[in-house]
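Participant: Below is the structure I would like to discuss, written out as structure tokens.
Number of protein chains: 6
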Amino acid sequence: MYAVEVREAIMIAHSLPDPFFGPAQNKHGATFVVDVAFISEELSAQNVVVDIGRAGDALKAVLKPLAYQDLDDKEEFAGTLTTTEFLCRHIFDRLKEAVARGDLGPGAERLTRLRVTLGETHLARAWYEGSIRD
Amino acid sequence: MYAVEVREAIMIAHSLPDPFFGPAQNKHGATFVVDVAFISEELSAQNVVVDIGRAGDALKAVLKPLAYQDLDDKEEFAGTLTTTEFLCRHIFDRLKEAVARGDLGPGAERLTRLRVTLGETHLARAWYEGSIRD
Amino acid sequence: MYAVEVREAIMIAHSLPDPFFGPAQNKHGATFVVDVAFISEELSAQNVVVDIGRAGDALKAVLKPLAYQDLDDKEEFAGTLTTTEFLCRHIFDRLKEAVARGDLGPGAERLTRLRVTLGETHLARAWYEGSIRD
Amino acid sequence: MYAVEVREAIMIAHSLPDPFFGPAQNKHGATFVVDVAFISEELSAQNVVVDIGRAGDALKAVLKPLAYQDLDDKEEFAGTLTTTEFLCRHIFDRLKEAVARGDLGPGAERLTRLRVTLGETHLARAWYEGSIRD
Amino acid sequence: MYAVEVREAIMIAHSLPDPFFGPAQNKHGATFVVDVAFISEELSAQNVVVDIGRAGDALKAVLKPLAYQDLDDKEEFAGTLTTTEFLCRHIFDRLKEAVARGDLGPGAERLTRLRVTLGETHLARAWYEGSIRD
Amino acid sequence: MYAVEVREAIMIAHSLPDPFFGPAQNKHGATFVVDVAFISEELSAQNVVVDIGRAGDALKAVLKPLAYQDLDDKEEFAGTLTTTEFLCRHIFDRLKEAVARGDLGPGAERLTRLRVTLGETHLARAWYEGSIRD
């Protein structure tokens, strides 16, 4: 199993309006350091998992609607608790669509899985990993 | 597969009294930076893997009897080589018990696996990962 | 010159309402990983720069009014651009007051300087360093 | 599942002579920070995954022919695009041979898998993980 | 004293043709993770040390002629041992010129010092710090 | 001002037998990640601050009597609280002697200062910096 992982970051505001979250019910924010691992069983003719330039562009395109935003104001997240875990899955789903659309170029059909990790402090991070073939 | 990982650290003394370990047969010590990943297939109603506050408390409770101790003096480790690998498993087993006891709160029955990683220097680390459902 | 540095983190929301800041004019947020270095020329009778427990408590007390807050709603910051640089200085000033009040315990009068570093992403950080004796 | 991971680094020159790689077609270079995880289901009588001294020596022996080299001049890589992914697999294959030869000492027959990770910048890394029992 | 530090990276090939350098006399290469700290005594009207966007652009412009290059082929470095220390100073000198030219925008005349740090492995780094006002 | 910094680590046991230290009065231990910065105003004819090989050897020689030891058993530390700050200074003093003895080779007379940093957890570190010319 081969993997290539690239890193970006976003800075967002949000609140987690459920008593479960204690002080994080307040409007606050986070820097999420985002690592995405692209996973395949075989390499391309160029000995790569994926065109890392296109992979980075696809990740930037997925993150752009989130960067410097208050997630509480985004219609698509209305009524949703935008936890770190949820955002890992959200980014995973958008990247899965990007792969399906062919945004990652010829050869990306070899990709089998993605793992999206969001680091929120020096003490805590979350990730979602799943198949993009089911 | 979702995961949330939290970080703590402990500082302990011990010796590894077997010729296999060379100079580490001497009484020496270590800072172990402890990362525990809580793993599940589904999120809770609050979009989390686990109540991260309770998870942190459970980890602190497991580490407390080890912190600032000489492991050579602990009865439970008599005759045991307290290697980094062993301690990963020890912490895993105690956390598995904590989950089974319900210490991590309602919803923790969704947890399927744990991974316990101990970093001992900038050059070496060990981990144990296993199911908590078997 | 001796120094001891300790780490905490806060997660805040804010906006930077000046065209200079481009997209950061929007309400967004940040995780700030906060490192504070306590600096002195001499050690105490216990061979320390400062009581690290009290130093950590003083830092936690300074950060508490900021943690999980929207800085745009705080009266003390009305009309202020709460940049990373500004927040470094704000935390420095509050810690300087804590030292002057004696919150860091006997011996803290040896402290000569503080450096407050805020890491905002994996790519950027800011710091303020100054004397606490002038 | 237990794992022990150790770290080394190499500094190499190479070029990636295929239009796919854009500016990396030029002769350039890289520091690769190399992490190798040795994986087994059971611990030895000494409570370890592997003799970490022998594991480190085996890794150093595998890296030595690469360190401070221009990979474009190495006969074994003639006509090969020496991408980060390829080098992960190359190091994996050499270490698999080392285990099979017995270089990691008695007990290394417990090892089931290896994972070789190469970090190339603060933003990108690749890895290859596979069984050494097939 | 305020500082803002930003991070970039370059990957280069070179050789260090002096017996002093042992195996590094060979053509090899490096990833240099480049941190540049911009330092001033006062903040601007926008509470910043420098326009971080322009600072990043200036750094990218300085690094561009080095990225993906074999430094042995660059005329400006003919007869020069392109050590990590030398490259720190080279980047410092080019950024000092950029500040003098006004590339960092209005207010950059407040900058007093720069520090350029190059990380070459997980074990070694070098830096050059100096005034840009002399 | 130029600097080159190199990294090593040691694992030691000790106790801090003064009520000031709370639970650290117990026999416990630490991994200290040791960074030493060698500082000079000018570079050598080879464009380096110091022969990094000799610098590393000098650091290893200074650390060797501490590695895998119980500092409570070392005669030279009898009656001394071996805090992180104290150990920074201890290593500084031994390296200053090594420079004075000529262990770092011709050209090391250019060195003006050293900074010794000991990281003890992911949350705390200490350093001592001073002139080696006074």
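Chains as they are written, first to last, in my numbering: chain B, 1 to 134; chain Z, 1001 to 1134; chain X, 2001 to 2134; chain Y, 3001 to 3134; chain G, 4001 to 4134; chain U, 5001 to 5134.
Ideal placement from N, C-alpha and C gives every residue a C-beta, glycine not left out.
Quantities reported herein were computed from a predicted structural model and do not represent experimental measurements.
Closer than 8 Å by beta-carbon distance: list the chain U residues that pair up with Z/P1023, in chain order.
Facilitator: Position 23 of the second sequence holds residue 1023 of chain Z. Within chain U, the residues near Z/P1023 are A5067, Y5068.
Participant: Can you pull the chain Z residues whose beta carbon is under 9 Å from the beta carbon of B/Y128, in chain order?
Facilitator: Residue numbering aside, residue 128 of chain B sits at position 128 when the first sequence is read from its first letter. In chain order: M1001, Y1002, A1003.
Participant: Between the segment 2027 to 2039 of chain X and the segment 2005 to 2013 of chain X, can you find at least three pairs of beta-carbon atoms closer than 8 Å?
Facilitator: At 8 Å Cβ cutoff, the stretches touch.
Participant: Of all the beta strand (DSSP E) runs that stay within the bounds of the segment 2015 to 2042 of chain X, which reach a length of 3 or more residues?
Facilitator: Correct list: 2028 to 2040.
Participant: For a contact defined as C-beta to C-beta under 9 Å, what are the partners of Y/L3043 on chain Z?
Facilitator: Working through the fourth sequence from its first residue, we reach residue 3043 of chain Y at position 43. Correct list: T1083, E1085, F1086, R1089.
Participant: Could you name the residues that DSSP lists as bridge partners for X/Y2002?
Facilitator: The count along the third sequence starts at 1 and reaches residue 2002 of chain X at position 2. In DSSP, X/Y2002 forms a bridge with X/S2040, U/Y5128.
Participant: For G/R4113, name the three-state secondary structure that DSSP assigns.
Facilitator: Within the fifth sequence, the letter at position 113 stands for residue 4113 of chain G. Looking at G/R4113 - three-state DSSP - the assignment turns out to be strand.
Participant: Taking buried to mean at least 16 other C-beta atoms within 10 Å of its own C-beta, is G/R4115 buried or exposed?
Facilitator: Indexing the fifth sequence from 1 puts residue 4115 of chain G at position 115. Buried, since its Cβ has 16 or more Cβ neighbours within 10 Å.
Participant: Is it buried or exposed, U/R5125, if we count other Cβ atoms within 10 angstroms and call 16 or more buried?
Facilitator: On the sixth sequence, position 125 is the one that residue 5125 of chain U refers to. Buried, because 16 or more other Cβ atoms sit within 10 Å of the Cβ of U/R5125.
Participant: Would you kindly work out how many angstroms separate the C-alpha atoms of B/R110 and B/G102, rounded to a whole number?
Facilitator: Position 110 of the first sequence, counted from the start, is the residue given in the question as residue 110 of chain B. Position 102 of the first sequence, counted from the start, is the residue given in the question as residue 102 of chain B. About 12 Å.
Participant: What is the DSSP secondary structure of X/A2009, reduced to helix, strand or coil?
Facilitator: In the third sequence, the residue the question calls residue 2009 of chain X occupies position 9. X/A2009: strand per DSSP, three-state reduction.
Participant: Of all Cβ atoms in chain Z, is any one closer than 9 Å to the Cβ of Y/G3053?
Facilitator: Within the fourth sequence, numbered from 1, the residue matching residue 3053 of chain Y stands at position 53. Closer than 9 Å: yes.
Participant: If you reduce the DSSP assignment to three classes, tell me which class B/L118 lands in.
Facilitator: Here residue 118 of chain B refers to the residue found at position 118 when the first sequence is read from its first residue. Strand, per DSSP.
Participant: G/V4048 and X/F2020 - do their beta-carbons sit closer together than 9 Å?
Facilitator: Along the third sequence, one-based indexing puts residue 2020 of chain X at 20. Along the fifth sequence, one-based indexing puts residue 4048 of chain G at 48. Contact: yes.
Participant: Residues in the same chain with beta-carbon distance under 8 Å from Z/H1028, minus the five sequence neighbours each way, listed in chain order, please.
Facilitator: As a position in the second sequence, residue 1028 of chain Z is number 28, starting the count at 1. So the qualifying residues of the chain are A1013, H1014, S1015.
Participant: Which residues of chain U have a Cβ atom closer than 9 Å to the Cβ of G/D4077, listed in chain order?
Facilitator: Sequence index remark: in the fifth sequence, residue 4077 of chain G carries index 77 (1-based). Sequence inspection shows Phe at residue 4077 of chain G; the Asp mentioned does not correspond to that position. Near G/F4077 there are no residues of chain U at all, since even the closest Cβ is about 11 Å away, more than 9 Å.
Participant: Closest to X/F2086 by CA distance: which of X/L2071, X/G2056, X/A2055, X/G2022 is it?
Facilitator: Stepping through the third sequence from its first residue, residue 2086 of chain X is reached at position 86. That would be X/L2071, whose Cα lies nearest to the Cα of X/F2086.
Participant: Which of the three DSSP states, helix, strand or coil, is assigned to U/D5093?
Facilitator: By 1-based counting over the sixth sequence, the position of residue 5093 of chain U is 93. The answer is helix: DSSP assigns U/D5093 an H, G or I state.
Participant: Helix, strand or coil: which one does DSSP assign to Z/D1070?
Facilitator: Here residue 1070 of chain Z is taken as the residue at index 70 of the second sequence, counted from 1. Z/D1070 falls in the strand class under three-state DSSP.
Participant: Residues of chain Y with CB closer than 7 Å to the CB of G/T4112, please, in chain order.
Facilitator: Looking up residue 4112 of chain G in the fifth sequence gives position 112. Here the premise fails: no neighbours, minimum Cβ distance about 27 Å.
Participant: What residues from chain U crowd round G/A4100, counting only those whose CB sits closer than 7 Å?
Facilitator: Taking the first residue of the fifth sequence as position 1, residue 4100 of chain G is located at position 100. Simply none; closest approach about 20 Å.
Participant: Taking Cβ-Cβ distances shorter than 8 Å, what residues in chain G pair up with Y/E3120?
Facilitator: Residue mapping note: residue 3120 of chain Y aligns to position 120 of the fourth sequence, counting from 1. Simply M4011, T4031.
Participant: Measure the CB-CB distance between B/T84 and B/E120 and report whether it falls below 9 Å.
Facilitator: Here residue 84 of chain B refers to the residue found at position 84 of the first sequence. Here residue 120 of chain B refers to the residue found at position 120 of the first sequence. In contact: B/T84 and B/E120 (Cβ atoms closer than 9 Å).
Participant: Between Z/F1020 and chain Y, is the shortest Cβ-Cβ distance under 9 Å, so that the two count as touching?
Facilitator: Indexing the second sequence from 1 puts residue 1020 of chain Z at position 20. Judged by the 9 Å Cβ criterion, Z/F1020 is in contact with chain Y.
Participant: Use the C-beta contact count for Z/G1107: other C-beta atoms within 10 angstroms, 16 or more gives buried, fewer gives exposed.
Facilitator: Counting from 1 along the second sequence, the entry for residue 1107 of chain Z is found at position 107. It is buried - the Cβ of Z/G1107 has at least 16 other Cβ atoms within 10 Å.
Participant: Please state whether the Cβ-Cβ distance between Z/A1067 and U/P5023 is less than 9 Å.
Facilitator: As a working mapping, residue 1067 of chain Z is identified with position 67 in the second sequence. As a working mapping, residue 5023 of chain U is identified with position 23 in the sixth sequence. Result yes, Cβ atoms of Z/A1067 and U/P5023 sit closer than 9 Å.
Participant: Flag Z/D1049 as yes if its beta-carbon sits less than 9 Å from any beta-carbon of chain B, otherwise no.
Facilitator: Residue 1049 of chain Z sits at position 49 when you count from the first residue of the second sequence. A small correction: the amino acid at residue 1049 of chain Z is Val; Asp does not occupy that position in the sequence shown. Judged by the 9 Å Cβ criterion, Z/V1049 is in contact with chain B.
Participant: By how many angstroms is the C-alpha of Z/Q1046 removed from the C-alpha of B/Q81?
Facilitator: Position 81 of the first sequence, counted from the first residue, corresponds to residue 81 of chain B. Position 46 of the second sequence, counted from the first residue, corresponds to residue 1046 of chain Z. With the sequence shown as reference, residue 81 of chain B is identified as Leu, and Gln is not the correct amino acid for it. Approximately 7 Å, taken between the alpha carbons.
Participant: So which residues of chain U does X/R2007 contact, with C-beta pairs closer than 8 Å?
Facilitator: Within the third sequence, the letter at position 7 stands for residue 2007 of chain X. Those within 8 Å of X/R2007 in chain U are H5122, L5123, A5124.
Participant: Report the three-state DSSP secondary structure of Z/L1081 (helix, strand or coil).
Facilitator: What you label residue 1081 of chain Z is simply residue 81 of the second sequence in a count that begins at 1. Looking at Z/L1081 - three-state DSSP - the assignment turns out to be coil, as it is neither helix nor strand.
Participant: Please report the residue range of the alpha helix (DSSP H) in which X/D2057 lies.
Facilitator: If you number the third sequence from 1, residue 2057 of chain X lands on position 57. Where X/D2057 is concerned, the enclosing alpha helix (DSSP H) stretches over 2052 to 2063.
Participant: In whole angstroms, give me the CA-to-CA distance for Z/G1056 and X/P2065.
Facilitator: Within the second sequence, residue 1056 of chain Z is the residue found at index 56, counting from 1. Within the third sequence, residue 2065 of chain X is the residue found at index 65, counting from 1. C-alpha separation (whole angstroms): 23 Å.
Participant: For my contact list, X/I2039 and X/M2001 are in at a C-beta cut-off of 8 Å; report their separation, rounded to the angstrom.
Facilitator: The sequence position of residue 2039 of chain X within the third sequence is 39, counting from 1. The sequence position of residue 2001 of chain X within the third sequence is 1, counting from 1. 6 Å between Cβ atoms; contact.
Participant: With DSSP collapsed to three states, give me the class of Y/L3087.
Facilitator: For the purposes of this step, residue 3087 of chain Y is taken as the residue at position 87 of the fourth sequence. Of the three classes helix, strand and coil, the one that applies to Y/L3087 here is helix, per DSSP.
Participant: I want to verify the contact list: residues of chain X whose CB lies under 8 Å from the CB of B/K74, in sequence order.
Facilitator: One-based indexing of the first sequence puts residue 74 of chain B at position 74. Ordered by position in chain X, no residue passes the 8 Å Cβ test against B/K74, which lies about 12 Å from the chain.
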